[in-house]
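Undergrad: One structure coming up, written as structure tokens, with questions to follow.
Here is the structure:
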């Protein structure tokens, strides 16, 4: 990885527009993170990111060519060079949207997020990351999320963070029961996210 | 029983596809089986109708990033209604493979298992029976272990009731 690259934060946005709340959240994240240096946004729906791992990608997964799509190759080089990853997306059914899950499956492949050692064990490979953060809304209340477990948070703050070879900063912001949230609660949430990002 | 099998793997030559073929054969001996292959891209299917029809749901998929593959998440998002229950659904079986070992999945929090067993299971019939059949460490498994797992899946599904 070229050490000359300036440090930047990668923001992965996975929400469908128009969505006033998420557009405001993405704005708050971008401005809040500006103190860390440049911010690069990947807006997965706007990019038309394919929401599934293709047969060719799966065939290459355990070989030498897990990446066949040029857009995925771009995203993978950004992911390898970024100093932070911040995910902005709605959680439905305790899970990130399919398009974001597909981003993990297609972009964070062997050689990018991790490498296989000689015993075919996974070894972490995201050496440059020092921050992983999530900003999300839930389609249900806190109690219902806790009953099943917060899948989005576990995937990003545990499974993804396991691919970073040291302990790094993490941050999680969630708005429970988004469909029933009053405008004031939404505004408060956006303001809280902006403050949280500015402290990272 | 009316059994809906939902499978999700991109490769026809994969272990998952082999497992799926064996499972479908065993199930169709004594049940009315419908199969939804999320990688087949069939048009015009009434997926929500299929789900409402079923008494038993069998999900067959590889666990990636601790959870279900993206097309399966998309299927849940589109077909399951967030505010309704599925009282006709009395049995849920998940058959899955994990590339990594059990301890790694435990630490990561078994996201897929929780969503299927507690999440979807919680929306089914109140006494819905749930069965989790999984193979860990597929990436470093032996031929014998895989064969044993196929036999286990066949046994379990043959006794589905």
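Residue numbers (our numbering), protein chains in the order written: chain R, 1 to 200; chain L, 1001 to 1161.
Using N, Cα and C, we set each Cβ at its ideal position, and we do this for glycine too.
Taking residue 1115(L) as the query, report the chain R residues whose CB atoms sit under 9 Å from its CB, ordered along the chain.
TA: Those are 93, 94, 95, 148, 149, 151, listed as they occur along chain R.
Undergrad: Report yes or no: is there a C-beta of chain L within less than 8 Å of the C-beta of residue 2(R)?
TA: Residue confidence is low: residue 2(R) scores 43 on pLDDT, short of 50, so the model does not pin down where it sits. Its coordinate-derived value is still stated next. Closer than 8 Å: no.
Undergrad: Anything in chain L within Cβ reach of residue 51(R), meaning under 8 Å, just list it in chain order.
TA: Counting only Cβ-Cβ distances below 8 Å, residue 51(R) has contacts in chain L at 1070, 1071, 1074, in chain order.
Undergrad: Buried or exposed for residue 163(R), going by 16 or more other Cβ atoms inside 10 Å?
TA: buried
Undergrad: Which residues in chain R sit within 8 Å of residue 1095(L), going by Cβ to Cβ distance?
TA: In chain order: nothing, as chain R lies at least about 18 Å away.
Undergrad: Just tell me which of 1126(L), 1092(L), 1039(L) has its CA closest to the CA of residue 56(R).
TA: 1039(L)
Undergrad: Against residue 104(R), what residues of chain L qualify as contacts under a CB-to-CB distance less than 7 Å, listed in chain order?
TA: The contacting residues are 1065.
Undergrad: Does the separation of the CB atoms of residue 25(R) and residue 84(R) fall below 8 Å?
TA: no
Undergrad: Note the first and the last residue of the continuous alpha helix (DSSP H) segment covering residue 190(R).
TA: 183 to 199
Undergrad: Please classify residue 1098(L): does DSSP put it in a helix, a strand, or coil?
TA: It is a strand residue.
Undergrad: Put residue 174(R) into one of helix, strand or coil per three-state DSSP.
TA: DSSP places residue 174(R) in strand when its eight states are reduced to three.
Undergrad: Compute the distance between the beta-carbons of residue 1091(L) and residue 1129(L), then report whether it is under 8 Å.
TA: yes
Undergrad: The ligand HEM and residue 11(R): does the residue's C-beta get closer than 7 Å to at least one heavy atom of that ligand?
TA: Absence of the ligand HEM from the depicted structure is noted, as is the absence of any ligand whatsoever, leaving it without description.
Undergrad: By how many angstroms is the C-alpha of residue 1081(L) removed from the C-alpha of residue 1157(L)?
TA: 27 Å
Undergrad: Any idea if residue 1161(L) is buried or exposed, counting beta-carbon neighbours within 10 angstroms, 16 or more meaning buried?
TA: With fewer than 16 other Cβ atoms within 10 Å, it is exposed.
Undergrad: Run down chain R in chain order and give the residues with a C-beta less than 9 Å from the C-beta of residue 1077(L).
TA: 92, 93, 95, 97, 98
Undergrad: Does DSSP put residue 40(R) in a helix, in a strand, or in coil?
TA: Shown here, residue 40(R) sits in a strand according to DSSP, grouped into three states.
Undergrad: List the residues of chain R that residue 1010(L) touches, going by C-beta distances under 7 Å, in chain order.
TA: 53, 54, 55, 58
Undergrad: Taking Cβ positions only, does residue 1140(L) come closer than 8 Å to chain R?
TA: yes
Undergrad: Taking the straight line between their C-alpha atoms, what separation do you get for residue 199(R) and residue 1054(L)?
TA: 50 Å
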